Structure formats: structure tokens, C-alpha cells
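A.B. asks: Going from the sequence shown to the working numbering is simple: count from 1 and add 639.
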Amino acid sequence: EYKQLGDLMISQNKTEEAMDNYIKYLEKTPSDEQIASKVGLYLHSRKQYKEALPYLEKIKEPKLVTSSFIIKLADCYYQTGNFQKAVESFSKARSQNANHAATLQEILKPLAVSYEKIGFLAEAAKTYEAYVKLPGVKDPDASYKQASLRESADRAGAIALYQSNTVVFPQDARNFIRLGILLSEDPEQTAKAIEMLQKASVLAPNDTVVWQKLSDAYHATNNSAKELTASQKLAGFQPNNITANQRAGTILYKKKQYAQAVPYLQKVISVTPRDVEALLMLADALMQTKEPAKAVELYVKAKELQPENVKICLALITSAEAAGQMEKVTETKNGLAELDKKIMSKDPKSVDSRMRLAEYLMAKNEYDAAFPIYKELAVLTPKDKQVFSRLVELSQKKGKDNEALTYLKQYVALDAANAKAHLTLGNMYFDQKNFDGALVEYRTAWKLDPALNGFLQHYGEIVVQKNLVDEAITVLNAAIKNNESDPKMYITIGKLYQKKQQYPQAIAMYKKASNNDPKNMEVLTLLAECQAANNDVSNSTTTYEQVVLLNPQADMEYKALGELQMKQ
């Protein structure tokens, strides 16, 4: 009765009511394949795939198992996730319709997907390929799939397919992305890979894979400007991406854009707090942005990770000084001194550690401890002026003048253009009464720096002693100009001018000497002599009269005065 009622409903186009009756009929008569087929196909048409399967699976009669039936059965398997069964049914339908393009269009794509789902990737790729080659098929998903499934087994083939896809589907970013990634694996194809990834970034600007791969490619080609852009984009999408933050922070730091680098580097150390390189960059960036206290904290962390890293210790000292944390400065300097001792014990030629320790000891006035270290440095660094300068200083502090002289000569040899060094050496020679040596150094010092002073009196004494008249006149005049003179110097210069018969100049000097000591008969006599020699009879007479007035026993002066008076 249910079957008859169902047939009646069909004749009245009441399909749904008919199927309800057929289902009740099949509960009593499950072997009726024809009715089961009707119910199954109806449920399939209503997309009730799970409900359709029990009915369709009953069908065994060859006349009912048509190609169309098999496709619908396969579709039910496909839609309900039974991909193994879907493959079996779709494959059977495919073999029956090998020459029917329209039917193959319906079959091949779900068959390819089913192969993919059960892990038969090679078969899936072939099926996608067969599908996209069908007339009238232009399916971007299938075209992409046929390329992607080839990557592991046929890389070159996959690349060719992706390249073709970029032409056929120029708006599909997926092909540009995969093509760019594959090409980037070949160093010789990096430029082409970047081109593809750049196009992908336009089509899919929010795709993090694109920006990651672009960042990698620019990093590999040392294109820091574009690497920065890509890394910043990626960090924007993935704030915890360490590589992106590290690259952006590092590039900005190297570009001295410290304020911009800070947030990226902070993100790096928040995720990888033991990254010493990032800690040091961030600390320095904070120093550059005038935040020394924060820099100190980071340098302390870095020092904990690498306690024997000298550069970290030095940076910590600098930052602590800037932050006014003097206890930390002292603590770190003391620790660095111990570290330098350790380095020196292991490395007899370590210059930097010796130099630091020696300067540390000098700052603490521990001269006896510093002296032997500087002596070692003089051997290790025979051209380091600072070392010999310190040795001179320490030798003088210890009263070792001969050693000081030796070290100073070595210093001067290294810094021959240093006028003050030559002057100091000249003074040492003078104190040791090595006047020849002193003269050489004074001459050199004055030639290098004519503005030098404080030594001209000694210099003048030497050249006067050696009867170098012209040089003596020049030096002593300079001494007077620089306020390095004494009253006797005017007499000395006057005698030098008198010797050269330059009487006006001699007269000027004797007058200055006489002003300083009006009763000095020697000066007055010399003045009178020069005045007479200069044919200044009147002034010479007056000067001689002063002499004999001061010394009535001055016989020669009386004689000279008489001769002058005869001329008048």
C-alpha cells in the first residue's frame, strides 16, 4: 500500500510525500532496489548525502547502476568525507566516461580532491592536470593545486605550472607566492623570486608568508632598506615575530635611528631575554636617547650572561657614569681590574688589559703597581706615546730622573712634532747641565711653536754662553716680550748689541737697565760708551758726569769725560 501510495503521489507531482511513503515501504521491503534508487537519488538531489547513502549502497542491479548513478553515489561519499569510497566510485565513473568531456568536468575535480585527502598526491596532481586541460575549464583553484602537488616530486614542473598560472590568473596571489618561495631556494633566482613576491604583496598585502619571505630575500641580498620595510610589515601583523623585530631593530640601530629601533629591540628581549646582542643594541640605543638608567639595567643583565666580556663592562661603566650611579661605576671598575689581571695572567701579550689596569691603578694613585705594567707595555707597544708619557710621569714621581730622561727621549722620537715634549726634554737636559742637548731641544720646540714660553731665559743663557750673538739677541728680546726677563737681561742684550756696534739698540737696553738700577755704575759706563760711540756727545757727557759723581775714583771715566769736553 505504501508503494502504491507513493506511486500515486508521484503521478500527482507530490514528490516529497511520495518519498515518505517509499521510505516506509522500504522498511518492510528493503530488497526493492528500484524504489531504493529513487529514494537515494531524491535525497541526493536535496543534498541529504548522509541519508541518501544507505539507499544508494543497496543498488546492485546493472540496469540501475548507470554512470550517472555512480557519479551521485561517489558524490555522497565525497560529501560525507568517505574519500576512499569516493575515489573508487569516481574512478569507475571516469573510466566509463573517458571520452565525455562534460561528464569528466563533473568528475575529475572531486576525484582529485579525494586522492589528495587519502594521501595519493601524485594521482591527485595528475587528476587536477587532466581536469584543467578539459575544454572550457578555467579553474584557478585546480590550476594552483596541480602545481602545488607537484612541488615535492617535480620541482621544475611545479615552477613551470606556477609561471603559467601567473599569466592565466594574474590576480591569484597564491601562484606568485609559491613561485617566489620556490625560486628563492636557488641563489641564482633571487632577483626573480623577489619580483614574484613583490607582486604577491600587492595582491595579498596582509599575507604574512609574503612579508616573511620578502624579508628573508632582502636579508640574503643585503638590501637593508627593503628588508626593513618587509620586516616592519611582518612585525605589524605578527608582533611577537622575533626575526621580524630583530631585523627591523638591528637595521634601525645601524642607521642610528635609535628611538625607532627601541620598541623592536624591546620586543626581542621580552621574548628572548638571553639574547646578548639584542641587549647590547637596546642598551646603546637607550644611551643615545638619553636614558642611561635604563641602559644600566640592560648592561647589568648582559654582564650576568657574559661576566668576562670586557666590552660589556666598559659600556656599563660609561652608562653608570652618565646615570650618576657612582657606586656601580666603582664596583664595575674594580671587577674589570680583577678581570684584566686574569686576562694578563693567561696572555702575556694582552695590551688592552694591561693598559686598562695601568690606568686604573694610576687613578687610584697606586704608582708602584702601575710602573711595572707600563714597562711591559713599552716592550709590547714600542710606538705608543701614551705609555712613554706615563713612564716619564712615574719616573719623575719616583725621583728617577735618568729613567725619566730616557723615556722622554723615546716619547719625543715618537711625537717629533710635539713642541711641549721637546721643551720638557730641553728643560731636563738643562737641569742636568747638558747644554748642548738642551739647545737642540729648545731650538726645535721654538721652531715648532713660536708661542711657547717659560724657557727663553734658559735658552738665552745657553746661546749667550756659546757666544751665538744674533741668536742670543733674538731669544732674549723674545724673553723680554713674554715677560720672562730680569734686570740683568737688559745689560746682557745691551752688551750683545754693543759688540755688534748696534749702538742705538744697545743704548735702549742700557737705559732700561739703568731705570731698574739707577746707581749701577757699570750700566751707566756702558751707556756712556755707547752714546759716545754713537756721536751723542751731549748725552754721553751727562752720563759720564753721573758716573764720576757716584764714584769720584773712576779714573777712566774722568779721562773719557775730559775727551768729550774737549770736543765741545
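Idealized CB from N, CA, C, for every residue including glycine. Because the structure is a prediction, the values reported are computed rather than measured.
Taking the alpha carbon of threonine 1063 as the point to measure from, which residue in Ala874, Ala725, Val1031 has its own alpha carbon closest?
C.D. replies: Within the sequence shown, residue 1063 is the residue found at index 424, counting from 1. Nearest C-alpha to threonine 1063: Val1031.
A.B. asks: Excluding sequence positions up to five away, which residues of its chain have a Cβ less than 7 Å from the Cβ of asparagine 1190?
C.D. replies: Along the sequence shown, one-based indexing puts residue 1190 at 551. Closer than 7 Å at the Cβ level, and outside the excluded window around asparagine 1190, lie Met1160.
A.B. asks: Looking only at its own chain, which residues have a Cβ that is under 7 Å from the Cβ of glutamate 690, when we skip the five neighbours before and after it?
C.D. replies: To locate residue 690, count along the sequence shown from 1; it is residue 51. Cβ neighbours of glutamate 690 beyond the five flanking positions: Leu682.
A.B. asks: Can you find the residues in the same chain that come closer than 6 Å, C-beta to C-beta, to valine 990, ignoring five residues on each side of it along the sequence?
C.D. replies: Counting from one through the sequence shown, the residue named residue 990 turns up at place 351. Excluding residues within five positions, the ones whose Cβ falls inside 6 Å are Leu1019, Thr1020.
A.B. asks: Tell me, to the nearest whole angstrom, how far the beta carbon of tyrosine 754 is from that of glutamate 762; I am working on the premise that it is less than 8 Å.
C.D. replies: Taking the first residue of the sequence shown as position 1, residue 754 is located at position 115. Taking the first residue of the sequence shown as position 1, residue 762 is located at position 123. Tyrosine 754 to glutamate 762, Cβ: 4 Å. Contact.
A.B. asks: Mind checking which residues open and close the alpha helix (DSSP H) that includes serine 854?
C.D. replies: Within the sequence shown, the letter at position 215 stands for residue 854. Looking at the DSSP string, the run of the alpha helix (DSSP H) that includes serine 854 is 847-859.
A.B. asks: Out of Asn736, Tyr716, Lys972, which one is the CA nearest neighbour of glutamine 687?
C.D. replies: In the sequence shown, the residue the question calls residue 687 occupies position 48. It is Tyr716 whose Cα lies nearest to the Cα of glutamine 687.
A.B. asks: Find the nearest neighbour of leucine 1188 within the set Leu692, Thr1164, Val1176, Tyr1013, judged by alpha-carbon distance.
C.D. replies: As a working note, residue 1188 is residue 549 in the sequence shown. Comparing Cα positions, the closest option is Thr1164.
A.B. asks: Starting from threonine 969 and walking both ways along the alpha helix (DSSP H), at which residues does that stretch end?
C.D. replies: Residue 969 sits at position 330 when you count from the first residue of the sequence shown. First-last of the alpha helix (DSSP H) with threonine 969: 965-985.
A.B. asks: Would you report the Cα separation of arginine 789 and glutamine 828, rounded to the nearest angstrom?
C.D. replies: The residue given as residue 789 occupies position 150 in the sequence shown. The residue given as residue 828 occupies position 189 in the sequence shown. If you take the alpha carbons of arginine 789 and glutamine 828, they lie about 20 Å apart.
A.B. asks: Would you call the stretch 846-862 and the stretch 890-899 touching, i.e. three or more CB-CB distances under 8 Å?
C.D. replies: Touching, no, given that fewer than three Cβ pairs across the two stretches are closer than 8 Å.
A.B. asks: Should leucine 955 and threonine 969 be called a contact, given that it needs their Cβ atoms to be closer than 9 Å?
C.D. replies: Here the question's residue 955 lines up with position 316 in the sequence shown. Here the question's residue 969 lines up with position 330 in the sequence shown. No. Outside cutoff.
A.B. asks: If you measure between the beta carbons of glutamate 672 and isoleucine 710, is that distance less than 9 Å?
C.D. replies: Numbered from its first residue, the sequence shown carries residue 672 at position 33. Numbered from its first residue, the sequence shown carries residue 710 at position 71. In this structure, isoleucine 710 does not lie closer than 9 Å to glutamate 672 by Cβ.
A.B. asks: By alpha-carbon positions, which one of Tyr897, Asn862, Val848, Ala898 ends up nearest to alanine 874?
C.D. replies: One-based indexing of the sequence shown puts residue 874 at position 235. Closest option to alanine 874, Cα to Cα, is Val848.
A.B. asks: Could you check which residue in Asp1175, Val1186, Gln1192 has the C-alpha nearest to that of lysine 1206?
C.D. replies: To locate residue 1206, count along the sequence shown from 1; it is residue 567. Cα-wise, what sits closest to lysine 1206 is Asp1175.
A.B. asks: When you compare only the Cα positions, how much space is there between alanine 1009 and asparagine 1092?
C.D. replies: The residue labelled residue 1009 in the question sits at position 370 within the sequence shown. The residue labelled residue 1092 in the question sits at position 453 within the sequence shown. Cα-Cα distance, rounded: 32 Å.
A.B. asks: Would you identify the three-state DSSP class for asparagine 1041, choosing helix, strand or coil?
C.D. replies: Indexing the sequence shown from 1 puts residue 1041 at position 402. Asparagine 1041 falls in the helix class under three-state DSSP.
A.B. asks: What's the C-alpha gap between lysine 653 and tyrosine 694?
C.D. replies: As a working mapping, residue 653 is identified with position 14 in the sequence shown. As a working mapping, residue 694 is identified with position 55 in the sequence shown. Looking at the two C-alpha atoms, the distance is approximately 20 Å.
A.B. asks: Between which two residues does the alpha helix (DSSP H) carrying proline 844 extend?
C.D. replies: Within the sequence shown, the letter at position 205 stands for residue 844. From DSSP, proline 844 is part of no alpha helix (DSSP H); its letter is neither H nor E.
A.B. asks: How is proline 809 classed by DSSP in three states: helix, strand or coil?
C.D. replies: Mapped onto the sequence shown, residue 809 falls at position 170. Coil.
A.B. asks: For leucine 760 versus alanine 792, is the C-beta spacing smaller than 9 Å?
C.D. replies: Start at 1 with the first residue of the sequence shown, and residue 760 comes out as number 121. Start at 1 with the first residue of the sequence shown, and residue 792 comes out as number 153. Yes, Cβ-Cβ distance for leucine 760 and alanine 792 is below 9 Å.
A.B. asks: Please return the same chain residues whose Cβ sits closer than 7 Å to the Cβ of glutamine 851, not counting the five positions on each side in sequence.
C.D. replies: Along the sequence shown, one-based indexing puts residue 851 at 212. The residues are Leu873.
A.B. asks: Keeping to the same chain, check which residues put their C-beta closer than 6 Å to that of asparagine 1186; ignore five residues upstream and five downstream.
C.D. replies: Locating residue 1186 in the sequence shown gives position 547, counting from the first residue. The sequence shown places valine at residue 1186, not asparagine. Same-chain partners within the cutoff: Met1160, Leu1163, Thr1164, Ala1193, Glu1196.
A.B. asks: Can leucine 1115 and isoleucine 1132 be called in contact, C-beta distance under 9 Å?
C.D. replies: Here the question's residue 1115 lines up with position 476 in the sequence shown. Here the question's residue 1132 lines up with position 493 in the sequence shown. Yes. Within cutoff.
A.B. asks: Smallest Cα separation from asparagine 845: which of Ser676, Phe876, Gln1096?
C.D. replies: Working through the sequence shown from its first residue, we reach residue 845 at position 206. The residue with the shortest Cα to Cα distance from asparagine 845 is Phe876.
A.B. asks: In whole angstroms, give me the CA-to-CA distance for aspartate 914 and leucine 904.
C.D. replies: As a position in the sequence shown, residue 914 is number 275, starting the count at 1. As a position in the sequence shown, residue 904 is number 265, starting the count at 1. Each residue's Cα considered, the two are about 10 Å apart.
A.B. asks: Hey, how far is the Cα of lysine 1039 from the Cα of asparagine 1066?
C.D. replies: Numbered from its first residue, the sequence shown carries residue 1039 at position 400. Numbered from its first residue, the sequence shown carries residue 1066 at position 427. Their backbone Cα atoms lie some 15 Å apart in a straight line.
A.B. asks: Within the same chain, show all residues whose beta-carbon is closer than 8 Å to that of serine 730, passing over the 5 residues directly before and after it, in chain order.
C.D. replies: By one-based count along the sequence shown, residue 730 stands at place 91. So the qualifying residues of the chain are Leu750.
A.B. asks: With distance defined between alpha-carbon atoms, name the residue in Ala887, Ala786, Asn879, Leu842 nearest to asparagine 862.
C.D. replies: Here residue 862 corresponds to residue number 223 of the sequence shown, with the count starting at 1. Residue Ala887 is the option with its Cα nearest to asparagine 862.
A.B. asks: Might you give, ordered along the chain, the residues of its own chain that have their beta carbon closer than 7 Å to the beta carbon of threonine 1182, omitting 5 neighbours on each side?
C.D. replies: Numbered from 1 along the sequence shown, position 543 holds the residue referred to as residue 1182. Answer for threonine 1182: Leu1163, Leu1166, Ala1167, Gln1170, listed in chain order.
A.B. asks: By the 10 Å Cβ neighbour count, where 16 or more other Cβ atoms means buried, how is alanine 1090 classified, buried or exposed?
C.D. replies: Counting from 1 along the sequence shown, the entry for residue 1090 is found at position 451. Under this definition alanine 1090 is an exposed residue.
A.B. asks: Is it buried or exposed, lysine 838, if we count other Cβ atoms within 10 angstroms and call 16 or more buried?
C.D. replies: As a first step, residue 838 must be located in the sequence shown, where it is residue number 199. Buried, since its Cβ has 16 or more Cβ neighbours within 10 Å.
A.B. asks: Looking only at its chain, what residues have a beta carbon closer than 6 Å to the beta carbon of threonine 928, apart from the 5 residues adjacent to it on each side?
C.D. replies: Here residue 928 refers to the residue found at position 289 of the sequence shown. Answer for threonine 928: Tyr897, Ala898, listed in chain order.
A.B. asks: Hey, isoleucine 662 and serine 676: beta-carbon distance below 9 Å or not?
C.D. replies: The residue given as residue 662 occupies position 23 in the sequence shown. The residue given as residue 676 occupies position 37 in the sequence shown. Contact flag unset, no.
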